[in-house]
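As structure tokens, the structure follows; a few thoughts come after it.
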Amino acid sequence: MHSSLVPPALLLVGTQTAANPYKGGTILVNADITATLFPLDAAGVLLSEDVPYDASLCFADFYLQVLEADPSAVKKVSMTPGLQVHVGLDLF
């Protein structure tokens, strides 16, 4: 039987890394900015957000990681590797 339910995922965004064990994996982000819940199907999902033009963000680092409900995972949760985003400055 095919289920049409799309499992939820959680996008963690923060300004610091972490190393917190969780259900056999490791949460790599201290989600001090946001944790957003969204549906994630097998084809993936594209999330986009504009970064405001703010001089205080220049050279800032942000860390992201996605945790997803995964019925085929041993503990029903899987997670992506952490991602570091470095905000630069476009001089041209």
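Per my numbering, the very first residue in the sequence shown carries number 1; after that it's consecutive.
Each residue gets a CB set at the ideal place from its N, CA and C atoms; glycine is no exception.
Exposed unless 16 or more other CB atoms sit within 10 angstroms - verdict on residue i
{"i": "L57", "result": "exposed"}
{"i": "H2", "result": "Bear in mind that the predicted position of H2 carries a pLDDT of just 46, short of 50, making it unreliable; the figure below should be weighed with that in mind. Flag for H2 reads exposed."}
{"i": "V6", "result": "exposed"}
{"i": "L37", "result": "exposed"}
{"i": "A9", "result": "buried"}
Simplified DSSP state of residue i, which is helix, strand or coil
{"i": "A35", "result": "strand"}
{"i": "H2", "result": "Annotation note: pLDDT 46 at H2 (below 50); position unreliable, coordinate value reported separately. H2 falls in the coil class under three-state DSSP."}
{"i": "A69", "result": "strand"}
{"i": "L89", "result": "coil"}
{"i": "A55", "result": "helix"}
Straight-line gap, residue i to residue j (C-alpha atoms, nearest Å)
{"i": "N20", "j": "I33", "result": "17 Å"}
{"i": "L64", "j": "M79", "result": "11 Å"}
{"i": "V13", "j": "V66", "result": "9 Å"}
{"i": "A73", "j": "A55", "result": "42 Å"}
Residues near residue i in its chain [Cβ-Cβ closer than 8 Å; skip 5 each side]
{"i": "D61", "result": "T15, Q84, V85, H86 and V87"}
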